[in-house]
Amino acid sequence: MDEPPLPNLRKRLGRRFFSAPTADVARRLLGKYLLRKLDSGQWIGGKIVETEAYLHSNDSASHSYRGLTRRNAAMFSPPGVVYVYTIHAKHCMNFSTERGGVGAAVLIRALEPIWGIDEMQRKREKSDLRKLASGPAMLCQSLSIDLTHNAIDLETIDWLAIIAGKKISPTEIIATSRIGISRATELPLRFLISGSLFASRPAKKSL
DNA sequence: AAAAAGATGTGCT
DNA sequence: GCACATCTTTTTC
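In our numbering, the protein residues as written are 737 to 943.
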């Protein structure tokens with residue numbers, strides 16, 4: 737496979753990056769690289785092209801809306817802690833945001849596959865690059881993320897990393913309503929890179 | 001204890 | 001575009 741070299745794995749984003757307001761973190765995650773080290777030692781992953789923000793207040797679509805439960809506890813963890821939940825027998829991955837133990841997180845919805853594409857194809861049993869991580873549950877399947885990874889902390893584990901890439905200009909970012917929710921549908925808290933072929937659904941209008 | 005809902009994906013029409 | 005498989009958590013009785 738013709739893959740570009742891995743980004744510098746020592747330059748990871750952590751507590752500080754995820755401390756910002758959740759919608760800001762969701763925007764800033766676009767264009768960043770999400771990488772996961774397999775047991776074999778191989779790093780696989782790609783570029784984040786779609787995210788959604790779930791707020792700690794005034795957001796009836798957020799899992800944290802009705803307070804702390806065993807399921808959503810990771811949302812209330814320090815910034816940069818992984819929150820994995822199950823939906824329709826599949827998994828979705830988020831990162832906790834904001835300090836102070838508020839329940840907020842950013843859902844990673846889609847990835848442009850770059851590294852370990854053959855591994856992702858094997859895990860997904862699909863060859864089409866557009867079907868590897870163009871949705872939050874596909875993404876988790878591609879990277880072998882499941883409930884056992886809930887509540888891990890980016891600051892203290894070595895096999896998962898988010899690394900800065902080429903800067904995305906604000907004019908390249910499109911905001912839309914979030915996908916698959918029935919409440920708070922009016923909030924523009926889904927963000928994607930304009931024109932990306934790997935978003936879960938194409939963008940309709942530009943900002 | 002039971003039932004419904006859900007930040008989804010797939011396959012078929 | 002629509003139905004539905006599939007399973008965990010939450011809500012209700």
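From the three backbone atoms N, C-alpha and C, an ideal C-beta is built for every residue, glycine too.
Limits of the unbroken beta strand (DSSP E) element including residue 741 = By one-based count along the first sequence, residue 741 stands at place 5. It is not in any beta strand (DSSP E) - residue 741 carries neither H nor E in the DSSP assignment.
Measure the C-alpha to C-alpha separation of residue 912 and residue 930 and round it to an integer number of angstroms.
-> Along the first sequence, one-based indexing puts residue 912 at 176. Along the first sequence, one-based indexing puts residue 930 at 194. Going by the C-alpha atoms only, they are around 11 Å apart.
Under 8 Å from any heavy atom of the ligand GTP, does the C-beta of residue 865 make it?
-> No copy of the ligand GTP occurs in the structure displayed, which carries no ligand at all.
Going by beta carbon distance, what residues of the same chain come within less than 7 Å of residue 863, once the five residues before and after it are set aside?
-> As a position in the first sequence, residue 863 is number 127, starting the count at 1. Non-local beta-carbon contacts of residue 863 in its own chain, meaning distances under 7 Å to residues more than five positions away in sequence, involve 857 in chain order.
Residue 750 to residue 892 span [Cα, whole Å] | To locate residue 750, count along the first sequence from 1; it is residue 14. To locate residue 892, count along the first sequence from 1; it is residue 156. About 10 Å.
When 885, 775 and 766 are compared against residue 818, the one with the closest alpha-carbon = As a working note, residue 818 is residue 82 in the first sequence. Residue 818 has its Cα closest to that of 885, out of 885, 775 and 766.
Just confirm the distance between the C-beta atoms of residue 800 and residue 920, as a whole number of angstroms; I'd bet it's less than 8 Å.
-> Locating residue 800 in the first sequence gives position 64, counting from the first residue. Locating residue 920 in the first sequence gives position 184, counting from the first residue. Residue 800 to residue 920, Cβ: 12 Å. No contact.
Spell out a yes or no on whether the stretch 893-911 and the stretch 773-793 are touching, meaning 3 or more CB-CB pairs, one atom from each, closer than 8 Å.
-> Verdict: yes, contact present.
Using the beta-carbon count (16 or more within 10 Å), is residue 878 buried or exposed?
-> Looking up residue 878 in the first sequence gives position 142. Answer is buried; the Cβ neighbour count reaches 16.
Just grab the DSSP bridge partners of residue 789 for me.
-> Counted from its first residue, the first sequence places residue 789 at position 53. BP columns for residue 789 point to 842.
What does residue 897 pair with, by DSSP beta-bridge criteria?
-> The count along the first sequence starts at 1 and reaches residue 897 at position 161. As a beta-bridge residue in DSSP terms, residue 897 pairs with 771.
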